[in-house]
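Quick notes on the structure that follows.
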Ligand code: HEA
Ligand code: HEA
Ligand code: CUA
Ligand SMILES: [Cu+2]
């Protein structure tokens, strides 16, 4: 974020914040509501829904509250690197469980 | 807020403040203990880390007695070591404590703090022409957190049951049912990790932000590149171990069972646990850190060696670009090879194929780096001073260490070699005559910058040659023993086993070499302290070097440079212009501007 | 001072960033990896659990309370970003108001958390980390997250109180600090956004 | 080659393959090392500053080093795809069926190896950690289970018939151990909570090995390769490879001993 912002720009930002706030609240309600669905749909589906919503919410926070939507190249590079290793880390349990020697 | 952003940009650095004039007396505590000056912090780190290295080595020298002469009382010292050595004879538990602590201290309290905290702190800001690190206060904290972590580790020796005794790898369930020392080990690790994280953030920010005008990334000295990549490894690989340490602390203190499966029976007694955990999980989290960690041990060393070789071969490094790309690639790949330490845990074909392939791939950039350094020598005018000797010896020693990594990295050949002395031999070749030699090279090389005096050359050579011989006397026999199948971490060095009998004689060879190595360090220690006061006085650039740190006074004052340096060229322009006398063009020399 | 460090406040022209901004983002990257290791452990333990032994979060944990806490934390994120925007508008009083609200939210979150923990301990038989692996990972992850909330709130409180004096002498540096604290606070929020469904709902 | 490298004598069907590959890797290593070392020594001599007062900054132009690097990469690829992966697949995929193999359960504990044979019926009896008794029932075998009646249990004594595939189910009671048969090129961690299969074909009996080495007698050893506590160094077991007849005789004898011991127990319990 450059340091000189005009009043209008700030106004615009604030409007976006309020919009994101609303979206986050709505999505939270949806997640909770959807979690009661799992008696109807299979577990895997409800896991997918919950995680999908969480990812959308997380992205909203990151992009707008944390201003990632317009950040500098250097920060993107560092975060892409992190994201890559983070995914590697999450892969680790699957690697372990799926590939244990068995007869 | 001085208007210093202005002055960094100006082409007339004369109006930059002169540090000396502002040097007010800050008192002993602020100057030497709670200093925020990167040079003081670097020296604090270096001395503390050297002491830890020496301590870690002493632990090993005691262990080597037991390995050479199992169950014979250790003369003199044995009586002083208390409970672990009744009558001077080492107990198996005490052996395990010493082994675990040797590994931990060498890696986390010795080499990393010296290579990164010490050399990184002292040299990096100077080499990029910065007045200090980006966050000086955080820098100070990271040193103080470091020694506290070290202190916790030391205290653990005096606990009932002694220090941690489950190896530096701390595999559960063994580590979870171990004595209280393990709790301290974990706490200590949390401190050390936190300290390293602060350091890593600081280094990355410093290198991105504080490069002098004109110093583009591709003009950075290779040492800075190595530190840059190292910092990323620390930043991203350490947190998972911190997480794992927290989980293991929970297992030990809150009776959870993250790493404990159901149905454990220890000494015939079923453990009361909720169970359901996984011992392999720890191994994954540990090695997710610890493999990048071993590159943390080697990259700064490669950086030091490159600086010393460029300087003392008096010519540009061969293939600077390929060095830089290799080191970046190496850093990147080091995150996806971790499970090569776990081939024997019962790994299926898919995972084994993946991890041995990545392991073979990661050996290629190492080969490229070594090749570039070797080719750099061709056509040079080699000066064999002490730092150069250590740097040169690094090459074949790292060569042996690296090459022995190959049979370990292939699953089929890892079957007989895993957890034998072959592994111990492999990595000691890379860390001891490899990294330790590089660090020695660095000490001899930058000592004049830190103190304004050179270390004694004759003593230096007296230190180097026997060290080289003894190092090989210790570690080559390990490869032989490992081939013969002798397991590591054996209290009696394998004497129990029939199949080990015909390589047992090597235990004595190794032990005598280790004590010999210990003995000749006296030359170094003496030289070090003697030279601080009595060494030959030198000017700013005793080695006739091209990089920026040699522009600053020796020792550099607070704020480092008289004026903000500007950079006009790449890092290693030795003898690039004609003539038949040795010459060099420092990075801060403007284009066309002759002598 | 002679050794003033460049770009502590102003952006370096070629990177477009000041030191604090890079520093805080790197720190956040390491935090992501830290929590990543917990999420990885969670997955591994859950996938590896004997069939039928992994409880459904909602059957043990209190979803309504956690829902309220989610709302509280999201709100605090908004007030945090509003606090920063107020500084951009050069209004310290507005800033104090929003920052105060953020701190209040943080405290509310902790109070609710404490109620939640207490009801677990008071349960018969008590539900402790050692009761089951699920509870173990629940307490560890939420506990560590709670520590982050406490730490973040402490920083916020400092910036609300004594730290805000800096506004007078160096408003830009102060704004940068608030921004950095904000980034940390949003990350804490973001982590909770994932913790909530993963632990409570699935 | 295994002689040259100092590996233990080979005693299993796959040992030769592993050793062959071990030889190949070491040939690559030695070639690289010696090649570079010769270059290195020459350079140190040729370009010392007294002989070469001014460096020539041109640098090496030859492409030879790139070819060497490419060669190394190629060699590694061959080792990987041609040797390591197939060998590994054979070890962890191609398990013999339980009918064709001698099936044994090996359970590590601090600091001993419990060996458990299923007996005539080929089915392991039920075990329960509640029944474990350090002295009399280290495995916690449930003697009321009909499958358990004929099971044979021994401590640190693993007997196997020669030239027959062996399928071992490896686990541990307490901490991680590692089941290492140096002569058979077998090593596998024993991890509590998991039962990990290992297989191999022993090809040399104790007696043959004694003869090969010109010794009076010979005993294969089981070593523990993973740090497991203060007795790690002495967690040594014995493997006896013998003819089918000897093996069966031993099993029978063990079964009788066990029966005698348990009836003695009963006597004292009355
Ligand atoms: C600085 C530390 C360091 C470095 C750089 C390396 C480098 C490598 N390591 Fe090593 N390793 C360790 C430290 C290190 N290692 C440690 C500490 C352990 C044990 C941990 C424990 O269990 O306690 C270990 C264990 C270890 C294992 C696990 C073994 C086991 O437990 O079974 C494996 C397996 O793949 C492995 C592989 C490799 C490989 C392929 C490389 C490659 O990167 C090497 C590439 C280099 C080369 C191929 C050299 C090129 C040489 C030339 C070009 C010739 C030059 C010649 C002259 C100059 C004459 N290492
Ligand atoms: C960086 C890592 C590092 C380094 C440098 C070393 C260095 C040495 N190591 Fe160690 N070692 C490990 C890491 C390291 N080691 C690890 C991780 C293990 C495995 C542990 C485990 O099983 O869990 C291990 C295990 C290990 C074993 C196996 C034990 C066993 O399996 O039972 C042995 C056996 O001989 C050994 C020996 C040595 C020796 C003789 C040195 C020598 O090379 C030491 C040389 C040291 C110096 C030369 C220091 C000199 C310093 C000074 C002189 C300071 C001067 C001070 C001032 C000026 C103030 N080490
Ligand atoms: Cu069992 Cu080592
Ligand atoms: Cu590794």
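Residue numbers (our numbering), protein chains in the order written: chain S, -7 to 95; chain U, 78 to 672; chain F, 33 to 234; chain C, 34 to 303. Just so it is clear, CB atoms sit at the ideal spot from N, CA and C, and this is done for glycine as well.
Those residues of the region 221 to 232 of chain C placed with their C-beta closer than 8 angstroms to a C-beta in chain U are 221, 222, 224, 225, 226, 227, 229, ordered along the chain. Assignment of beta-bridge partners to residue 497 of chain U by DSSP yields U:564. Residue 168 of chain U and residue 564 of chain U have their alpha carbons spaced roughly 18 angstroms apart. Contact between residue 296 of chain U and residue 652 of chain U is ruled out by a C-beta separation of about 18 angstroms, above the 8 angstroms threshold. Listed in chain order, the non-local C-beta contacts of residue 234 of chain F below 7 angstroms within the same chain comprise 89, local neighbours out to five positions each way being set aside. Contact annotation, residue 533 of chain U with residue 608 of chain U: C-beta distance approximately 6 angstroms; criterion of less than 8 angstroms satisfied. Close partners of residue 324 of chain U in chain C (Cβ separation under 9 angstroms) are lacking, with about 16 angstroms as the shortest Cβ gap. Residue burial is scored here from C-beta neighbours: residue 216 of chain U has at least 16 other C-beta atoms within 10 angstroms and is therefore classed as buried. For residue 396 of chain U, the three-state secondary structure derived from DSSP is coil. The three-state reading of DSSP puts residue 137 of chain C in strand, counting E and B together. In this structure residue 187 of chain U touches residue 133 of chain U by the C-beta definition: roughly 6 angstroms separates them, less than 8 angstroms.
Under the Cβ criterion of 8 angstroms, residue 97 of chain F is not counted among the residues facing chain U. In the three-state reduction of the DSSP assignment, residue 88 of chain C falls in the coil class. For residue 91 of chain C, the C-beta contacts it makes with chain U under 7 angstroms involve 456, in order along the chain. The straight-line gap separating the alpha-carbon atoms of residue 489 of chain U and residue 51 of chain C is approximately 6 angstroms. Bounds of the alpha helix (DSSP H) holding residue 390 of chain U are 356 to 390. Counting along the chain, residue 75 of chain F sits inside the alpha helix (DSSP H) bounded by residues 51 to 80.
If only uninterrupted alpha helix (DSSP H) runs of at least 4 residues are considered, those enclosed by the region 397 to 425 of chain U are 397 to 410. Residue side-chain check: residue 576 of chain U keeps its Cβ at 7 angstroms or more from all non-hydrogen atoms of ligand 3. Here residue 174 of chain U is actually not in contact with residue 244 of chain U; their C-beta atoms are around 10 angstroms apart, not less than 8 angstroms.
Between residue 125 of chain C and chain S, the shortest Cβ-Cβ separation is below 8 angstroms. Interface criterion met: the Cβ of residue 313 of chain U is under 8 angstroms from a Cβ in chain S. Note on geometry: alpha-carbon atoms of residue 135 of chain F and residue 188 of chain F lie some 7 angstroms from one another. Using a CB distance cut-off of 8 angstroms, residue 59 of chain F counts as an interface residue toward chain U. Taking each of U:383, U:580, U:597 in turn and checking the Cα distance to residue 544 of chain U, the smallest one comes out for U:597. When U:422, U:448, U:389, U:595 are compared, the shortest CA-CA separation from residue 97 of chain C is found for U:448. By the Cβ criterion, the region 87 to 105 of chain F is not in contact with the region 34 to 49 of chain C, since fewer than three pairs of Cβ atoms, one from each stretch, lie closer than 8 angstroms.
Within the model, the alpha-carbon separation for residue 72 of chain F versus residue 649 of chain U is close to 45 angstroms. Proximity to residue 78 of chain S across U:336, U:203, U:179, U:362 peaks at U:362, based on C-alpha coordinates. If you draw a straight line from the Cα of residue 530 of chain U to the Cα of residue 120 of chain C, it comes to about 58 angstroms.
Rounded to whole angstroms, the separation of the alpha carbons of residue 253 of chain U and residue 339 of chain U is 14 angstroms. Residue 241 of chain U places its beta carbon less than 8 angstroms from that of residue 255 of chain U.
Sequence-ordered contacts of the region 52 to 67 of chain S with chain U read 66 [C-beta pairs closer than 7 angstroms]. Taking non-hydrogen atoms of ligand 3 into account, the C-beta of residue 227 of chain C is found less than 7 angstroms away from none of them. Secondary structure at residue -1 of chain S: helix, using DSSP grouped into helix, strand and coil. Within the region 113 to 142 of chain F, no residue places its CB atom closer than 9 angstroms to a CB of chain U.
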